[in-house]
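Novice: For the sequence shown, numbering that gives the first Met the number 0 gives the first residue as 0, with consecutive numbering after it.
Beta carbons are placed, not taken as given, at the ideal position from N, Cα and C, and that holds for glycine.
One structure, pasted below without further comment.
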Amino acid sequence: MTSGVCASHPLLAELTGEEQKVAGLCLKEFSLKAGEPIWCEGQEADYVLFIVEGEVELLKETEFAGSRFVIGLLGAGSAIGEEALVSDGPKRPESALSATDSRFLTLSRVDLEKLSAENPKAALSIVTRLLGLSSLRLSHAYKRLAAIF
Numbered sequence: 000m001t002s003g004v005c006a007s008h009p010l011l012a013e014l015t016g017e018e019q020k021v022a023g024l025c026l027k028e029f030s031l032k033a034g035e036p037i038w039c040e041g042q043e044a045d046y047v048l049f050i051v052e053g054e055v056e057l058l059k060e061t062e063f064a065g066s067r068f069v070i071g072l073l074g075a076g077s078a079i080g081e082e083a084l085v086s087d088g089p090k091r092p093e094s095a096l097s098a099t100d101s102r103f104l105t106l107s108r109v110d111l112e113k114l115s116a117e118n119p120k121a122a123l124s125i126v127t128r129l130l131g132l133s134s135l136r137l138s139h140a141y142k143r144l145a146a147i148f
């Protein structure tokens, strides 16, 4: 990957030119058709997903066998699966499904560690932006919960 791939996602486009260059080497790109699964709840989490194009549906299992409900619909510019970067061997807390034809970038924990060793500033910039995005998402979830009660 080149630095140009970073420009395709707003979170990564905020990196400096040098950060984009080194980060671009760690990112992997893939596409899915509408309805294709990205991961299933309980699977090992080994990468964060940056949505470049399309939409992703996040689904949570219920106590009723085979029943799931939508907990989120995220589009281009979003990132999901940050738990993969936090610790070794975490499990996915939800399932993710490509709701439309979509294009993604991924960053694995291993690649983030490699990036951290080679360019700590770029790695910290990515993690800081992901933390900001996660914090914003959590804040919105709190507001939705407060509205219910």
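In this structure, does DSSP put ALA75 in helix, strand or coil?
Specialist: Coil at ALA75, not helix or strand.
Novice: Could you give the first and the last residue of the continuous alpha helix (DSSP H) run that contains LEU24?
Specialist: Run containing LEU24: none; DSSP gives neither H nor E here.
Novice: Could you spell out where the beta strand (DSSP E) holding ALA121 opens and where it closes?
Specialist: That residue, ALA121, is in no beta strand (DSSP E); its alpha helix (DSSP H) goes 119-147.
Novice: Tell me the DSSP bridge mates of ALA95?
Specialist: Beta-bridge pairing links ALA95 to TRP38, LEU57.
Novice: Looking only at its own chain, which residues have a Cβ that is under 7 Å from the Cβ of ALA44, when we skip the five neighbours before and after it?
Specialist: So the qualifying residues of the chain are GLY80, GLU82, ALA83, PRO89, LYS90, ARG91.
Novice: Please report the residue range of the beta strand (DSSP E) in which LEU104 lies.
Specialist: First-last of the beta strand (DSSP E) with LEU104: 101-107.
Novice: For VAL85, name the three-state secondary structure that DSSP assigns.
Specialist: VAL85 falls in the coil class under three-state DSSP.
Novice: Taking the Cβ atom as the reference point for each residue, do ALA75 and ALA33 lie within a distance shorter than 8 Å?
Specialist: Not in contact: ALA75 and ALA33 (Cβ atoms no closer than 8 Å).
Novice: Measure the alpha-carbon distance for LYS20 versus GLY41 and round it to whole angstroms.
Specialist: Approximately 33 Å, taken between the alpha carbons.
Novice: Could you have a look at LEU114 and say whether DSSP puts it in helix, strand or coil?
Specialist: It is helical.
Novice: Using 10 angstroms around the beta-carbon of ILE37, count the other beta-carbons present and answer buried if the total reaches 16, otherwise exposed.
Specialist: ILE37 should be labelled buried.
Novice: Determine which residues share a DSSP beta bridge with PHE193 and list them.
Specialist: Because the chain in this structure spans residues 0 to 148, residue 193 falls outside the shown range and cannot be described.
Novice: What residue does the beta strand (DSSP E) around LEU14 start on, and which one ends it?
Specialist: Run containing LEU14: none; DSSP gives neither H nor E here.
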